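Here this note's numbering runs 10 ahead of the position in the sequence shown, where the first position is 1. Virtual Cβ for every residue (Gly too), placed ideally from N, Cα, C. Model, not experiment: these values are computed from the prediction.
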Amino acid sequence: MLTSDNYTRRMDAFWIISRVVPYLGPTRAYSILPSLGEFLKSKNRWVKNTSAKTLAEIYTQYPGTSLSLDVKVHGFQRH
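Set out below in structure tokens:
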């Protein structure tokens, strides 16, 4: 749903994800990082702020995910 072509569905799924982070588990949290990273680029202030807060909560709950976002969204390589 986070990658749906339908904007309303995507935003509904995003809102739900932002509320259930503590229940996702590390595997599911890891799998949605690319979508959340894309939401950070949104011009919509609510989407951008909620994405940042959701990512911060994921990093707090599941510390191993922080480097993963850098690699997936920004293309950083660790040498």
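**Asked** Hey, would you say L34 sits closer than 7 Å to L65, going by beta carbons?
**Response** As a position in the sequence shown, residue 34 is number 24, starting the count at 1. As a position in the sequence shown, residue 65 is number 55, starting the count at 1. Not in contact: L34 and L65 (Cβ atoms no closer than 7 Å).
**Item:** Pick from N59, T37, Y72 that is closest to W25, judged by C-alpha positions
**Value:** Position 15 of the sequence shown, counting from 1, holds the residue named residue 25. Among N59, T37, Y72, the Cα nearest to that of W25 is on N59.
**Message:** Using a Cβ-Cβ distance cut-off of 7 Å, determine whether Y33 contacts chain D.
**Reply:** Protein chains in the displayed structure number just one, and chain D is not present.
**D22 versus R29 - alpha carbon distance** = As a position in the sequence shown, residue 22 is number 12, starting the count at 1. As a position in the sequence shown, residue 29 is number 19, starting the count at 1. Each residue's alpha carbon lies about 11 Å from the other.
**Message:** Please report the distance separating the alpha-carbon of P32 from that of T70.
**Reply:** On the sequence shown, residue 32 is found 22 positions in, with the first residue counted as 1. On the sequence shown, residue 70 is found 60 positions in, with the first residue counted as 1. Cα-Cα distance, rounded: 10 Å.
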